[in-house]
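Notes follow the structure.
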Amino acid sequence: MIENFDLTMVNWARAQFALTAMYHWIFVPLTLGLTWIIAFYHTIYVKTGNEEWKYLTKFWMKLFGINFAIGVATGIILEFEFGTNWSNYSWMVGDIFGAPLAIEGIIAFFLEATFFAVMFFGWNRVSKRFHLFSTWMVAVGSNMSAVWILVANAWMQHPVGQAFNPDTARFEMQNFFEVAFSPVAVSKFTHTTSSSMLLASLFIISVSSWFLLKNRHIQMARRSIIVASIFGLLSSAFCGFTGDEAAFEVAKHQPMKLAAIEGLYDGETNAGLVAMGMMNPAKQVGDDLDAFTFEIRLPALLSLLANRELGTFVPGINDLVYGNEQENIMGVTQKIEKGKIAVGQLAAYKNAKNDGAEDAAIAALTLFNEHKEYLGYGFLDTPEKAVPPVSTSFYSFHIMVALGTLFPLVFLAFLFFTWKDTLMEKRWLLGPGVFMFFLGLVAQEAGWVVAEVGRQPWAIQGLLPVTVARSNLTVGTVQTTFFMFLALFTILLIAEIKIMTKQISIGPEGN
Amino acid sequence: MERTTLHESNILLRIYRFYLTGFRKMTLGRTLWKVIIIKLIIMFAVLKVFFFPDFLHTHFTTDKERADYVLGQITQPARSNDFIRR
Chain A
230 MIENFDLTMV NWARAQFALT AMYHWIFVPL TLGLTWIIAF YHTIYVKTGN
280 EEWKYLTKFW MKLFGINFAI GVATGIILEF EFGTNWSNYS WMVGDIFGAP
330 LAIEGIIAFF LEATFFAVMF FGWNRVSKRF HLFSTWMVAV GSNMSAVWIL
380 VANAWMQHPV GQAFNPDTAR FEMQNFFEVA FSPVAVSKFT HTTSSSMLLA
430 SLFIISVSSW FLLKNRHIQM ARRSIIVASI FGLLSSAFCG FTGDEAAFEV
480 AKHQPMKLAA IEGLYDGETN AGLVAMGMMN PAKQVGDDLD AFTFEIRLPA
530 LLSLLANREL GTFVPGINDL VYGNEQENIM GVTQKIEKGK IAVGQLAAYK
580 NAKNDGAEDA AIAALTLFNE HKEYLGYGFL DTPEKAVPPV STSFYSFHIM
630 VALGTLFPLV FLAFLFFTWK DTLMEKRWLL GPGVFMFFLG LVAQEAGWVV
680 AEVGRQPWAI QGLLPVTVAR SNLTVGTVQT TFFMFLALFT ILLIAEIKIM
730 TKQISIGPEG N
Chain B
88 MERTTLHESN ILLRIYRFYL TGFRKMTLGR TLWKVIIIKL IIMFAVLKVF
138 FFPDFLHTHF TTDKERADYV LGQITQPARS NDFIRR
């Protein structure tokens, strides 16, 4: 069945979506995180009345404004792509996504937009308390926007609270609260926002380090670093905690993704967590080659991460693809059989309805309902197609975790030397400090690669593969728009970098 | 009643002036607004109109047709693919 699809078009459409999403994600986490830190700076100013804090708040607010302006509406392109490149998917999930995205538009966007102007224009023109309230509301509104987008994304990874309607070919929402408060959505939101706060702290560390290296605005940079380091340390701790929660949810609902990000081909009891390793590029699913050319494992930690219990079994890719009777794991081959029954009975139901054969329609629907949870597997032609790109998932995950381990040490070092009043002398720290923001961006993008590449081949976990989610378009159409976006995004990125670096080099005098 | 209307109009006028003065005093903001407006024009007047039509809304007129098409795609993709190649 699947061989009839043009895979080249699907891959271009995926590349375009990845390009757009990754570009969009350069701006979003900085916006989400910076709003909170600015709100803290602003609060300190209102509490102390010290004009230095006002000066500092206005400077970071200006940089926030640049990032917001360049990044705003870049996410809309993703919605264009849904309608054009992914029309089957858009149709099928419209009922589920409609509610969260409408709530995002109505509440979060208006909350954000209403207070945005007051935050920027309100200095000495509205009361200090109302002005501060507006700054906090911008932070709340920005993060509220993220809630609903992440709820939608989480639903694709763990499609709860829905039922498939065979007459309309749509997944229909049965329980809004189950969708909105699914554990995957909660862990995704908390992990995303905490990592955004971490990124914003790194941004402040980078810019402040540059000022200190240039011997400019020393007092402002030191104050900024103190708050950003404390904020960054707290965010790092929360990010680690929510990351652990996210991994636990992945183990429960997307065990193939967990196996891929750990490069675990054969399941183990007391499975070790790979701290560092290099994957064997020749390794294939089902062969006898070693998965790694070298690796350092932390004994039993993967079992603890996945099941919150030592001595437990963590399934590997081979167990999930070919099944493991001993551990009661159904293989993809069996799931494909069930999925093909679901697809076949859906076709039979449709034909029976068209022919007016009610009894045949009821019989087909009954059989479809018995197998519908495997619907997506019916579109796979071989069990190995259920495996995501393992190396990409593995390296992205480990880059993200390694950087996530480095950042709290950086915050601690900055906080310690600021407290000792020797930071200015530590050029070995300030120099790398300038680049910390860029490492933060790498960690952010790697996180999304883990989330999105790791769930392949699914657009909706277990129910709809990306190959069926797409529109019937020619490759040329998608290629054209891909390169148009590449050009547009490059221009916008250059604009952002130019405007941002110019304003940083002008410094707070330009307030 | 008259007093209330006058009071409300004052508030509206104050909000209007708040925005007007804010926009007038912008320096960097003017550049950023230009970037936003150019970007939105490119997105909505060029990309959306010429390159990103809604596939199902372009090819079908009713939801029933759209549902039948998508159902056809997921049950008999080979036959459905003929649709676009015609």
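Chains as they are written, first to last, in this note's numbering: chain A, 230 to 740; chain B, 88 to 173. Every residue, glycine too, gets a C-beta built ideally from N, C-alpha and C. What you are looking at is a predicted structure, and each value in this text was computed from that prediction instead of being measured.
Between residue i and the rest of its own chain, which residues show a CB-CB distance below 6 Å, the 5 nearest in sequence each way excluded?
i, result
"residue 348/A", "363, 364, 367"
"residue 418/A", "376, 379"
"residue 258/A", "425, 428, 673"
"residue 120/B", "none"
"residue 329/A", "377, 380, 381"
"residue 499/A", "529, 532, 540"
"residue 525/A", "504, 505"
Between residue i and chain B, is the shortest Cβ-Cβ distance under 8 Å, so that the two count as touching?
i, result
"residue 291/A", "yes"
"residue 349/A", "yes"
"residue 726/A", "no"
"residue 305/A", "yes"
"residue 671/A", "no"
"residue 732/A", "yes"
"residue 721/A", "yes"
"residue 454/A", "no"
"residue 327/A", "no"
"residue 247/A", "no"
"residue 356/A", "no"
"residue 569/A", "no"
"residue 469/A", "no"
"residue 576/A", "yes"
Alpha carbon to alpha carbon, what distance is there between residue j and residue i?
i, j, result
"residue 586/A", "residue 393/A", "21 Å"
"residue 468/A", "residue 416/A", "10 Å"
"residue 99/B", "residue 111/B", "18 Å"
"residue 146/B", "residue 700/A", "11 Å"
"residue 356/A", "residue 410/A", "37 Å"
"residue 636/A", "residue 434/A", "11 Å"
"residue 253/A", "residue 372/A", "15 Å"
"residue 251/A", "residue 336/A", "25 Å"
"residue 390/A", "residue 712/A", "38 Å"
"residue 473/A", "residue 535/A", "9 Å"
"residue 477/A", "residue 502/A", "14 Å"
"residue 441/A", "residue 663/A", "10 Å"
"residue 512/A", "residue 161/B", "33 Å"
"residue 313/A", "residue 132/B", "16 Å"
Take residue i and list the residues in its own chain whose beta-carbon comes closer than 7 Å to its own, dropping the five residues that flank it on each side.
i, result
"residue 629/A", "672, 675, 676, 679"
"residue 601/A", "393, 571"
"residue 310/A", "245, 246, 249"
"residue 706/A", "none"
"residue 724/A", "299"
"residue 527/A", "501, 502, 504"
Chain A beta carbons: is any one of them nearer than 8 Å to that of residue i?
i, result
"residue 183/B", "This structure gives no information on residue 183/B, because the portion of chain B shown stretches from 88 to 173."
"residue 147/B", "no"
"residue 136/B", "no"
"residue 99/B", "no"
"residue 106/B", "yes"
"residue 128/B", "no"
"residue 161/B", "yes"
"residue 124/B", "no"
Does the beta-carbon of residue i, which I'm using as the reference point, lie nearer than 7 Å to any heavy atom of the ligand COA?
i, result
"residue 464/A", "What this structure holds is no ligand at all, so the ligand COA is not there to describe."
By Cβ distance below 8 Å, which residues in the same chain neighbour residue i in space, the five residues on each side in sequence not counted?
i, result
"residue 157/B", "143"
Measure the beta-carbon distance from residue i to residue j and round it to whole angstroms, keeping in mind my assumption that it falls under 8 Å.
i, j, result
"residue 296/A", "residue 260/A", "6 Å"
"residue 661/A", "residue 449/A", "Rounded, the Cβ-Cβ distance is 21 Å, inconsistent with contact."
"residue 360/A", "residue 370/A", "16 Å between Cβ atoms; not a contact."
Should the segment 504-511 of chain A be called in touch with the segment 481-488 of chain A, which here means at least 3 C-beta pairs below 8 Å? no
Is the segment 580-600 of chain A close to the segment 646-657 of chain A, with three or more CB pairs under 8 Å? no
Taking 8 Å as the cut-off, does the segment 532-540 of chain A touch the segment 549-567 of chain A (at least 3 CB pairs, one atom from each stretch)? With the cut-off at 8 Å, the segment 549-567 of chain A and the segment 532-540 of chain A do not touch.
So, does the segment 393-402 of chain A touch the segment 306-324 of chain A, judging by three or more C-beta pairs under 8 Å? The answer is yes - the segment 306-324 of chain A touches the segment 393-402 of chain A, with three or more Cβ pairs under 8 Å.
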